[in-house]
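Enquirer: One structure is given below, represented as structure tokens, and several questions about it will come after.
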Amino acid sequence: MRALRFHAAKDLRIEDIPAPGEPTAGQVLIRNRFVGICGTDLHEYAYGPIFIPKEPHPFSGVHGPQVLGHEFGGVVEAVGEGVTSVRAGDRVSVQPLIMPRAGDYFADRGLFHLSTDLALAGLSWLSGGMAEYALLNDYNVEKIPDGMTDEEAALVEPSAVAVYACDRGGVTAGSSVLVTGAGPIGVLTLLAARAAGAAQLFVSDINDARLEFAASIMPGLTTINPQRGSPGETVRALTEGKVGCDVAIECVGNEHALKACVDAVRKQGVVVQTGLHQHENPLDWFQVTFKDIDLRGSWAYPTHYWPRVIRLIASGLLPAKRVVTGRITLDRAVPEGFDALLDPSGKHLKILIDLMK
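Heads up: the sequence shown begins at 63 in the working numbering, then just goes up one per residue.
This is the structure in structure tokens:
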């Protein structure tokens, strides 16, 4: 089968590799349909390996050239013994986190996403979404309803990141929310916040094209370019009592964006850190203490979120497909996908790869 594999930074190759074998007990073989290019994939391409293991992964045992892609869905080809949740022909979305199911401190408490031995399909597992087929565990696949598209199945994973960030922030009906970063996760977080009932939304980004795109799909959104104005001042000027927003969610992994969140949030508000920082971030801890705020991390998502996020997307409450700005074939994935998304002047947000073309 054809697959896009990571060999080293700036070295992605489309190769013919053996297709996965028949699924064994508890496993599911799927024919991949659409896969999204994630910011994590871009970081691996530009600077990796980061999450891709250099030595055999302690749980999966995988290393070496890695098939990329963890935002994907497909059609079940075959199931192994004991699998009852799906059957051949079912259309599914993939929950890519793979870990011990017992005997692990966090797994024993249902916090599978916090497992010390966590692996991910498309980063540290034998299969990924940027190939024709993938072999997964039964807990990695969730059937999607008939009214949900194959493209939307590939958007459940990044949407789950966004929904969890809003949950960590306690976003609820009437909340005022600032999101720093108008990339795919940032825009999905805005959509998730609105689905949760947020009444006032702000987004900050230095890319005007992304700000314009976010505003075009979300009426009533206030956009802020921090190169021309302070996010904190703008948020305070427009919120009740001029005190700042209830929740600020950082979706960039940028120290200036996190500082803007701390500045913009009201006293006893909540700041959620979703973007992955590449180095230590000097924060104004006097303000954190003086404003009595909560600062919370948001790592991936609980694995049980899949049915909930599927319902949100299928119902139209979280219109995730609005973030898609391009669709390409696997053979054009590097120049028209990875390189296009890394172009600072580019206008793309989320690009999906069609594995059946």
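Virtual Cβ for every residue (Gly too), placed ideally from N, Cα, C.
These numbers come from a predicted model, not from an experiment.
For a test of the three-state rule: what should DSSP assign to M247, helix, strand or coil?
Expert: To locate residue 247, count along the sequence shown from 1; it is residue 185. Checking the displayed sequence, the identity of residue 247 turns out to be Ile instead of Met. For I247, the secondary structure class from DSSP, reduced to helix, strand or coil, is helix.
Enquirer: Touching or not, the stretch 135 to 143 and the stretch 368 to 380, by the rule of three or more beta carbon pairs under 8 angstroms?
Expert: As far as the Cβ criterion goes, the stretch 135 to 143 does not touch the stretch 368 to 380, which means the pair count is below three.
Enquirer: On the DSSP letters alone, give me the boundaries of the beta strand (DSSP E) that V265 sits inside.
Expert: Here residue 265 corresponds to residue number 203 of the sequence shown, with the count starting at 1. It spans Q262 to S266 - the beta strand (DSSP E) in which V265 sits, taken as one unbroken run.
Enquirer: Give the straight-line distance between the Cα atoms of G101 and L197, rounded to the nearest whole angstrom.
Expert: Taking the sequence shown and counting its residues from 1, one reaches residue 101 at position 39. Taking the sequence shown and counting its residues from 1, one reaches residue 197 at position 135. Rounded to the nearest angstrom, the two C-alpha atoms are 23 angstroms apart.
Enquirer: Let's test the definition: count the other Cβ atoms within 10 Å of the Cβ of K80 and tell me whether it reaches 16, buried, or not, exposed.
Expert: As a first step, residue 80 must be located in the sequence shown, where it is residue number 18. One detail in the question is off: residue 80 reads as Pro in this sequence, not Lys. It is exposed - the Cβ of P80 has fewer than 16 other Cβ atoms within 10 Å.
Enquirer: Measure from the alpha carbon of P111 to the alpha carbon of each residue in N202, D73, H339 and A140, then state which is nearest.
Expert: Against the sequence shown, residue 111 aligns to sequence position 49. Nearest option by C-alpha distance: D73.
Enquirer: For the 8 angstroms Cβ check, are there 3 or more pairs between the stretch 270 to 285 and the stretch 239 to 259?
Expert: With the cut-off at 8 angstroms, the stretch 270 to 285 and the stretch 239 to 259 touch.
Enquirer: State yes or no: is the C-beta of G144 within less than 7 angstroms of the C-beta of G83?
Expert: Position 82 of the sequence shown, counted from the start, is the residue given in the question as residue 144. Position 21 of the sequence shown, counted from the start, is the residue given in the question as residue 83. G144 places its beta carbon 7 angstroms or farther from that of G83.
Enquirer: Looking at the structure shown, is H119 part of a helix, part of a strand, or coil, going by DSSP?
Expert: Indexing the sequence shown from 1 puts residue 119 at position 57. DSSP places H119 in coil when its eight states are reduced to three.
Enquirer: Give a yes or no on whether 7 angstroms exceeds the smallest Cβ distance from N269 to chain D.
Expert: Looking at the structure shown, chain D is missing, and only one protein chain is on hand.
Enquirer: Please list, in chain order, all residues of the same chain as A271 whose beta carbon is under 7 angstroms from its beta carbon, the five residues on each side excluded.
Expert: On the sequence shown, position 209 is the one that residue 271 refers to. Around A271: K409.
Enquirer: When the Cα of Q340 is compared with those of I76, F113, F68 and C307, which residue comes out closest?
Expert: Counted from its first residue, the sequence shown places residue 340 at position 278. Ranking the options by Cα distance to Q340, first place goes to F113.
Enquirer: Taking just the CA atoms, how far does A70 sit from G109?
Expert: Taking the sequence shown and counting its residues from 1, the one referred to as residue 109 is at position 47. Taking the sequence shown and counting its residues from 1, the one referred to as residue 70 is at position 8. Per the sequence shown, residue 109 should be read as Tyr rather than Gly. Distance from the CA atom of Y109 to the CA atom of A70, rounded to whole angstroms, is 9 angstroms.
Enquirer: Among the residues of its own chain, which have a CB less than 6 angstroms from the CB of E219, if the five just before and after it don't count?
Expert: Numbered from 1 along the sequence shown, position 157 holds the residue referred to as residue 219. Same-chain partners within the cutoff: E133.
Enquirer: Need the endpoints of the beta strand (DSSP E) that I311 sits in, please.
Expert: Start at 1 with the first residue of the sequence shown, and residue 311 comes out as number 249. From DSSP, the beta strand (DSSP E) with I311 extends over C307 to E312.
Enquirer: Using 7 angstroms as the threshold, is the C-beta distance between F68 and E106 below it?
Expert: Reading the sequence shown from its first residue, position 6 is the one you call residue 68. Reading the sequence shown from its first residue, position 44 is the one you call residue 106. The answer is yes: Cβ separation under 7 angstroms.
Enquirer: What is the rounded straight-line gap between the Cα of S407 and the Cα of R358?
Expert: Position 345 of the sequence shown, counted from the first residue, corresponds to residue 407. Position 296 of the sequence shown, counted from the first residue, corresponds to residue 358. Using only the alpha carbons, I get a separation of about 32 angstroms.
Enquirer: Which residue wins for smallest C-alpha separation from K419, given the options A193, L130, D200 and A216?
Expert: Here the question's residue 419 lines up with position 357 in the sequence shown. Of A193, L130, D200 and A216, the residue nearest in Cα terms is A193.
Enquirer: Is the CB-CB distance between I413 and G388 below 7 angstroms?
Expert: Taking the first residue of the sequence shown as position 1, residue 413 is located at position 351. Taking the first residue of the sequence shown as position 1, residue 388 is located at position 326. Yes.
Enquirer: By the three-class DSSP mapping on this structure, what secondary structure does V203 have?
Expert: Numbered from its first residue, the sequence shown carries residue 203 at position 141. V203 falls in the strand class under three-state DSSP.
Enquirer: Within a Cβ cutoff of 8 angstroms, which residues of the same chain sit near T301, ignoring the five residues on either side of it in sequence?
Expert: For this step, residue 301 is matched to residue 239 along the sequence shown. So the qualifying residues of the chain are S238, Q262, C307 and R328.
Enquirer: Let me know the alpha helix (DSSP H) ranges lying completely inside the stretch 264 to 346, each 4 residues or longer, listed in chain order.
Expert: Listed in chain order, they are 270 to 279, 293 to 300 and 317 to 326.
Enquirer: So the alpha helix (DSSP H) L403 belongs to, where does it begin and stop?
Expert: By one-based count along the sequence shown, residue 403 stands at place 341. Annotation: the continuous alpha helix (DSSP H) that includes L403 extends over D401 to L404.
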